Every structure is written in structure tokens, then in C-alpha cells.
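See structure below.
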Amino acid sequence: MGGKSGIVTNEVGVKRFDLQKLLTAASLVLLLVFFMTYGYFARGLDIASFSVNILESAYYIGFLAIGVTFIIITGGIDLSLGTVMMCGALVGGTAFNTWHLPMVVSLILILVTTTLFGLLNGFLVARLKLPPFIATLGTMMIAQGFGATIANVQTQRFPTMADEGGWFKQVFLRTQDGVPVGIIWFLVLFVIAFFLLNKTRFGKYTFAIGSNAEAARLSGINTQRWLFLIYMVSGIFIGFAGILYAATFTTVIPMGGAGLELQGIAAVVIGGTSLSGGSGSLSGTIIGVFIMATLKVGLMAVGIPQQLQTLLIGVVVVLAVMMDIYRQNSANRIKS
Amino acid sequence: MKKNMKMKYLILSALLIVALTFTMVACGGGASEEPAAEEPAATEEEPAAEPEATEPEPAAEAAVDNSALNIPVIAKGFQHQFWQVVKQGAEDAAAELGVGQMEFNGPGSESEINVQVDMINAALAQNPNAICLAALDTDAVKGQLDEAVGKDIPIIGFDSGVPDAPEGSIKATASTDNENAAALAAEEMMNDAAFKAAIEGATADNPVTVAVLSQDATSTSIIGRTKGYLDKFKELVEAIFPGGVAITGHDMYAAPASDAAVVNVFVQVPPTPDAADMKNGAQAVLSEKNLVGVFLSNEGAVTGFLNATNDGADLGDGKTYADLIVAGFDAGATQKKAVRDGLFLGAVTQDPYQIGYQAVALAVAAANGEPVQDVDTGAKWYTSANMDDPDIAQLIYD
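Right, dumping it as C-alpha cells:
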């Protein structure tokens, strides 16, 4: 019975989901068009730099969101995204500034740090069976304190483009001539993530664990091991978010980063991935990321103060969650 | 990239036409923005009523039509009342000069460097005529400063401005000249009859001491204040006793009297700015012989001094230090109370209203291609008598 109804739910879910994705994509286009036209005619907005601004706001939220999409599909959550990203960036900055390591090594240390935190989350959730919410709430604070400790509570400044070591900005963010090369990394990592989720056993098991972890385990999947891996993969993506954050904002403050996880999670939710697990998509997440980035940059560009921006983005998140619940309810109705 | 952009433009222009109706609706709301900015500022705080008149008066040439100008102002934050007053000044300047569009923005807190960077990016994307900026972190905005130079958008610093900005990226800065501001305290102390009498009553055999308590000898603002006070005070006293002022204490400032010392100025810089060290430093100051006056160069010094005087109670009538003349700097809640209760003679405050006003005025001048130079936004002296006057009250933020 469990299997059968599960399939029905899935099919209904998929159909509804596509409609929702269409709607979210349409609203993204609408938002872009609105901000660009209004900005262009009413405020003399430079469309080219506006677009680049959106891209650059999308990078780090995007990597956070891509990583956490896997986790959310398993029915889990990761609250440590933001502070782990900052922790990685702080470790990288300290490595470069205080330990005088080359930039390459510093960047690798960012990835290593966030991956280790991914492993820690995986260990707590998969092995010790802690609820993901509680486990990652803990690592959120651990990462915040750890990063600040490593950095000796000093603000870490990455080199600017012209400085020694500033090449990493030209590789990851934009070249001296302003070509936004970050988009390449974004696309490449998105394609890798897409492949992982949709074409591999890793992805199949991610969905399976989210739909029904017990059923997955009974059908012979080593759920513990895969869950562990999923959190680790998410950690790697957080590392890239950290690199892009450092490239975009140069200065990383200790004890920061709390609150950024919610931007990543919000993007995933807007993209239609269900917080109850078992369904979701990376293409939806990307649309969600760009909706978030467009709102952030667009509202700023038309002169809405920050507090109202936050308010409006909050409203969008609530609407997205309402859609998610509505979808589930109607799916349940059909099931019964 | 240019080619890509052209492609984008083509696709976008198609989209633009589709969305035109949408925009028309939105513009109905947008057009109503203007009257708000035009609203004449019926304010008591007449900017011209400044005693030390600031050198350039860009407002004088208001004949120029500035209605096409777009000048975003990006502050460090909003949560301190200080910034609200800066904003008021900026808005009044924009209204008086007829600036078409002046938006005052800033991150929610002073740790949100990333938000400020996003704001500067958003401002640059509008191709504004000038930008006013109080940067949270210079390194974080270097790329944006370069971009502004490349796009020929003048950037005007305000408040602390953009410290250590690359040469030529900041056209001018509207900020408090700390030396002038602290000199104001020296003048006001000498204007006090009791203090002046105490100074004049001093002899080479029985010299009096005036102390300066400073939190550190490293930050530019504190050094400026200490130096500004010492120079002015020495100048005023030496008019009475030529060559009779000896500066002792911290090596950076020490200078022996050229004649027999009649007035000693003791500069106390505690080893660290920690509250405990500041308190000990203040206690050392209080044990100086024939101490008649104290200048406290910032909030930290004020706090240390109050801690050392039983929260200021020892300065009250009939108490140990009842006759001591004390001048402060800044305007925290405890300091304002000490001024209000008459424990302090008064204190110097920066003028955030002028900071905002002059920043926009400089930006307008720079946008019109006029040469601009740094402006001292001045400082005000407040006492228990004038601290409730509207133009002073708005400056003494917590």
C-alpha cells in the first residue's frame, strides 16, 4: 500500500510541480522585466551593470541553495549554511593574511573547512540520528565560534583585484575588463549538481530517502552512508559559496553569516522543493535563487530601503511555502 | 562582453515593450515621489548660523538647475540617531539645491559590509551624477571605487569618509575637523569666569594643572582632538603668561615651557582603552596637584573619568572636586546627564546635520563639474543651558 500510494503521490506531485515551476519562472521573468523597464525609464538604470549585479548576488546564495537542495530533498534541513560559509571564508582569509599561505592553498582550505563541516553534519544526522534541525543549529553556532576563533576575531580582508593574490577575483568573479566569469563556475557547478541529482544513484537515493527513509533502508539502500555523503556534497558547495563571497565582498567579519542560511533555504523553497522531502528540483532552485537575487538587487535599484526589502522578500517566501502546502494538501486529497 | 551585452539588449528591448504597460502603472506611483523631495525644509537649524563658517558655500550658486541630478547617499548604517540627523541634513540640502533625486540609504547595521557593497553596486548601476559615501570598509569597496572612476562618477566622502582610499577616487570629504572641534572646548573653558580666574591666579611658585585624558595615541580622530585642544589652550594661556605653559605626560605631546611654568598641562593616555585602565588613568589625573580643569577627548575618556569620580557625584557641590572644570566630547547618555546636572561645564559634539548637508552640497558641486575640496562640518558646544534648544538637541544623539 505504501509503495502504491507513494507512486500516485509522486505522479501528481510531478504534474503540479511543473505547473508551479512554470509559474515561478514566469514570475521571475515578470520581475526582471518590471525592474529593468521601470529602472531604465524612471531611473536611468544601466541594464548591463544591473544584470551583472544580479548575477553577483546570485552566486553565493546559489551555491548555498544548490547544496541545501539535496539535503532538503532528503527531508532534512541545514541551518549552518551561512555561518559555515563565513567560517570557511574566515579560515581562508586567515590562511592568506596571517599564515601567509598562497592564495590557491587558502582557497582550498575554504573548501576543506566547509566540507569538514558537511561531514560533521552528516555524522550527527546520519550516524547519531540527531534531528537535522537541532544538529545543524548546533553546527551553525560551532562554525560561527570556530571561524571567529581561527581568525582571532579579526576581520579578514582578501586582496583586491590589483593586489598580490587578487587573481582569484579575476578567476572566480570578473576579469579586469569586467567580464563576469563567475557565471561559468556557476553553470559548471550547476550542471554537475544537476547530473548528480538526476542521473546518478546518488540522486535517486536522495529522493528515495526523502520519500520514505524506512522503505529505502528496507529495500537495501545504506541510507546512513548516503545521507553522510549528501551532507558532505552540500559542504563542498558551501565552500564554493565561501570563495565567491570572498571574491564579491572582499571583507569577511567574524561572527557574521547568521541569516544567510535563510536566504539559501528561501531560494530552495521558492523553487518548489518541498520542505517535507521527497520532491524537488535544481532547476527550480536556480529560479528561486534568481528570484531572490532579482528582488534584492531590483528593490535596491528602485530605491526601496533595506528594511522594506527584507519585508517583501519575507512575503515572497511565505507565499512560496503556502504554495507548497497547498500542493501537498491537494495531493493528499487525491490520494485518499 | 560588449557583444553579449548587445544581444542582451536586443532580447531585453523585446521584453521591455511587453512590460511597458506594467511600467506605466508603476510610474503613476513613482511620479508622486517628487513633491516629497521638493517640500521646503521649514527647519530652525539654519545651516548658515555656524560660528566657524565653513569655507566654500556651494549653496550660494543655487541658480543652477539641479533637477536632473541623481545623487545616491550611502551611509554606514541607520541604527544610531546620528545617521538620522545626517539624513535630515542631506535631505534639506537636496531640497534647497533642487536636486532631482537624492536617496539616503545604508545597511541595517554597521557590520553588514556585504549589504553596503550591494548598495553601492545598485547606485553605480543608475549611472548617477555623484555618490556620497561613508564606507564601512575601504578594501571591500575598492572595485566599486575603480568602477566609479572609470565611469567618471565623482564620489564624495562624508562622516569618516573612505579612509585610505586610492588616490583620486574621492573628490572631497565632508567631515568633522577634530582639531578645530577640540579647540572649541579650550575656548569655552577659558570663557568660563571661574576657570579663567583660576588660571590667572596661578604663579610660577604655585602653578596650576589642567589635564587631558585621551583613550589612545593611535587613532587619527583622538590624536587630532588632543592636539587641537593643546594647541588652542596653549595659545590662549600664553597670551596671559608668555612661555608659561608646560605640557607633560605622554611623549607624543610633551613640550617644556620656554619660561618658568605657570600652567602645567598633563596629557594622560592610559595603556589600553579598557574601562579599568581608563578609570585608573582618570584617578591618576585627579591626584595631580592644583588640578583646575580636565578635557576628556571622547566617550571612553568620559566614562573612565565618571567611573573615577563615583559616577560624577564627587564633582557635585560641596564634594571633593566641586571646583573642577570639566569639558567632554561626544554625547553618550551618561555624559549628557553629567552636562545636564552641571557636573561638566559642557561638551563638544560633532554636527551630523552639517555632515549630511555639506556632503550633498559637495556632490552637487562635483556633479556640475566645479572643483571641490574637503569641508569641515564644524562642531557645537553644548551646556546644561542650551542642550534642549532644538538645533542642539538634535545633534546630541546617544
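These protein sequence lines are chains A and B, in that order.
Residue numbers for the first sequence, in my numbering: 5 to 340.
Residue numbers for the second sequence, in my numbering: 9 to 406.
Positions of the beta carbon are idealized from the N, C-alpha and C atoms, including for glycine.
These numbers were taken from a predicted model, which means no experiment stands behind them.
Contact with chain A by residue i, beta-carbon distance below 8 Å
{"i": "Q134 (chain B)", "result": "yes"}
{"i": "S40 (chain B)", "result": "Confidence at S40 (chain B) is low in this model, with a pLDDT of 34, below 50, so the placement of that residue should be treated as unreliable; the coordinate-derived value is given next. No, no contact with chain A."}
{"i": "N122 (chain B)", "result": "yes"}
{"i": "N78 (chain B)", "result": "yes"}
{"i": "D160 (chain B)", "result": "no"}
{"i": "G151 (chain B)", "result": "yes"}
{"i": "A148 (chain B)", "result": "yes"}
{"i": "V125 (chain B)", "result": "yes"}
{"i": "E99 (chain B)", "result": "no"}
{"i": "S119 (chain B)", "result": "yes"}
{"i": "E175 (chain B)", "result": "no"}
Contact check, residue i vs residue j, beta carbons under 8 Å
{"i": "D126 (chain B)", "j": "M40 (chain A)", "result": "no"}
{"i": "L68 (chain A)", "j": "A297 (chain A)", "result": "no"}
{"i": "G217 (chain B)", "j": "V300 (chain B)", "result": "For the record, residue 217 (chain B) in the displayed sequence is Thr; it is not Gly. Cβ atoms of T217 (chain B) and V300 (chain B): closer than 8 Å."}
{"i": "E195 (chain B)", "j": "G236 (chain B)", "result": "no"}
{"i": "L286 (chain A)", "j": "A197 (chain A)", "result": "yes"}
{"i": "I274 (chain A)", "j": "I308 (chain A)", "result": "no"}
{"i": "I164 (chain B)", "j": "A143 (chain B)", "result": "no"}
{"i": "A155 (chain A)", "j": "G97 (chain A)", "result": "yes"}
{"i": "A76 (chain B)", "j": "V94 (chain B)", "result": "no"}
{"i": "I291 (chain A)", "j": "L32 (chain A)", "result": "yes"}
{"i": "V368 (chain B)", "j": "A101 (chain B)", "result": "yes"}
{"i": "A193 (chain B)", "j": "F313 (chain B)", "result": "no"}
Distance between residue j and residue i (C-alpha atoms, nearest Å)
{"i": "A393 (chain B)", "j": "G158 (chain B)", "result": "51 Å"}
{"i": "N78 (chain B)", "j": "P162 (chain B)", "result": "12 Å"}
{"i": "T28 (chain A)", "j": "V293 (chain A)", "result": "11 Å"}
{"i": "F194 (chain A)", "j": "G48 (chain A)", "result": "33 Å"}
{"i": "T289 (chain A)", "j": "G263 (chain A)", "result": "18 Å"}
{"i": "G142 (chain A)", "j": "L332 (chain B)", "result": "54 Å"}
{"i": "I404 (chain B)", "j": "L323 (chain B)", "result": "22 Å"}
{"i": "A98 (chain B)", "j": "A401 (chain B)", "result": "18 Å"}
{"i": "A271 (chain A)", "j": "S278 (chain A)", "result": "12 Å"}
{"i": "V109 (chain A)", "j": "T146 (chain B)", "result": "25 Å"}
{"i": "T13 (chain A)", "j": "F137 (chain A)", "result": "Summary for T13 (chain A): the model assigns pLDDT 41, below 50, so the residue's position carries little reliability, and this model does not support an answer."}
{"i": "R337 (chain A)", "j": "D328 (chain A)", "result": "14 Å"}
{"i": "M110 (chain B)", "j": "P184 (chain A)", "result": "30 Å"}
Proximity to residue i [Cα-Cα], best of the options
{"i": "Q330 (chain B)", "options": "B:N318, B:L351, B:V347, B:G340", "result": "First, the residue type needs correcting, since residue 330 (chain B) is Ala and not Gln in the sequence shown. The residue with the shortest Cα to Cα distance from A330 (chain B) is B:L351."}
{"i": "R178 (chain A)", "options": "A:I65, A:L248, A:T314, A:Q24", "result": "A:L248"}
{"i": "A182 (chain B)", "options": "B:G336, B:V72, B:V81, B:L304", "result": "B:V81"}
{"i": "A210 (chain B)", "options": "B:V220, B:I178, B:N188, B:E246", "result": "B:E246"}
{"i": "A251 (chain A)", "options": "A:G186, A:N101, A:L120", "result": "A:G186"}
{"i": "Y64 (chain A)", "options": "A:L312, A:V322, A:Q267", "result": "A:Q267"}
{"i": "N45 (chain A)", "options": "A:L323, A:Q311, A:V322, A:V306", "result": "Looking at the sequence itself, residue 45 (chain A) is Phe, so the reference to Asn does not match. When only C-alpha atoms are compared, the closest one is A:V306."}
{"i": "G284 (chain A)", "options": "A:F241, A:F294, A:K133, A:R331", "result": "A:R331"}
{"i": "I230 (chain B)", "options": "B:A292, B:V271, B:A309, B:N272", "result": "B:A309"}
{"i": "V383 (chain B)", "options": "B:Q358, B:F166, B:E243", "result": "B:F166"}
{"i": "L304 (chain B)", "options": "B:N298, B:A321, B:L105, B:M286", "result": "B:M286"}
{"i": "V123 (chain B)", "options": "A:S238, A:R229, A:T254, A:F211", "result": "A:T254"}
{"i": "D319 (chain B)", "options": "B:L221, B:D325, B:E208, B:T342", "result": "B:T342"}
Cutoff 8 Å: residue i Cβ touching any chain B Cβ
{"i": "I317 (chain A)", "result": "no"}
{"i": "Q310 (chain A)", "result": "yes"}
{"i": "R161 (chain A)", "result": "yes"}
{"i": "N125 (chain A)", "result": "no"}
{"i": "N57 (chain A)", "result": "yes"}
{"i": "F198 (chain A)", "result": "no"}
{"i": "T118 (chain A)", "result": "no"}
{"i": "V88 (chain A)", "result": "no"}
{"i": "T210 (chain A)", "result": "no"}
{"i": "M327 (chain A)", "result": "no"}
{"i": "L85 (chain A)", "result": "no"}
{"i": "I257 (chain A)", "result": "yes"}
{"i": "L191 (chain A)", "result": "no"}
{"i": "D50 (chain A)", "result": "yes"}
{"i": "A305 (chain A)", "result": "yes"}
{"i": "V321 (chain A)", "result": "no"}
{"i": "F54 (chain A)", "result": "yes"}
{"i": "G260 (chain A)", "result": "yes"}
Near the ligand PLP: residue i beta-carbon under 7 Å from a heavy atom
{"i": "T254 (chain A)", "result": "In the structure shown, the ligand PLP is absent, as is every other ligand, since no ligand is present at all."}
> Do the region 153-173 of chain A and the region 98-109 of chain A meet, that is, are 3 or more Cβ pairs less than 8 Å apart?
Replying inline: With a cut-off of 8 Å, the region 98-109 of chain A and the region 153-173 of chain A count as touching, because enough Cβ pairs lie within range.
>> Taking contact to mean 3 or more Cβ pairs, one atom from each stretch, closer than 8 Å, check whether the region 123-138 of chain B and the region 52-61 of chain A are in contact.
In response: Under the Cβ criterion (8 Å, minimum of three pairs), the region 123-138 of chain B counts as touching the region 52-61 of chain A.
> Taking three-plus beta-carbon pairs below 8 Å as touching, is the region 73-85 of chain A in contact with the region 229-236 of chain A?
Replying inline: Between the region 73-85 of chain A and the region 229-236 of chain A there are three or more C-beta pairs closer than 8 Å, enough to call the two in contact.
> Any chance the region 385-400 of chain B sits against the region 339-356 of chain B, with 3 or more Cβ pairs inside 8 Å?
Replying inline: Contact holds: three or more Cβ-Cβ distances are below 8 Å.
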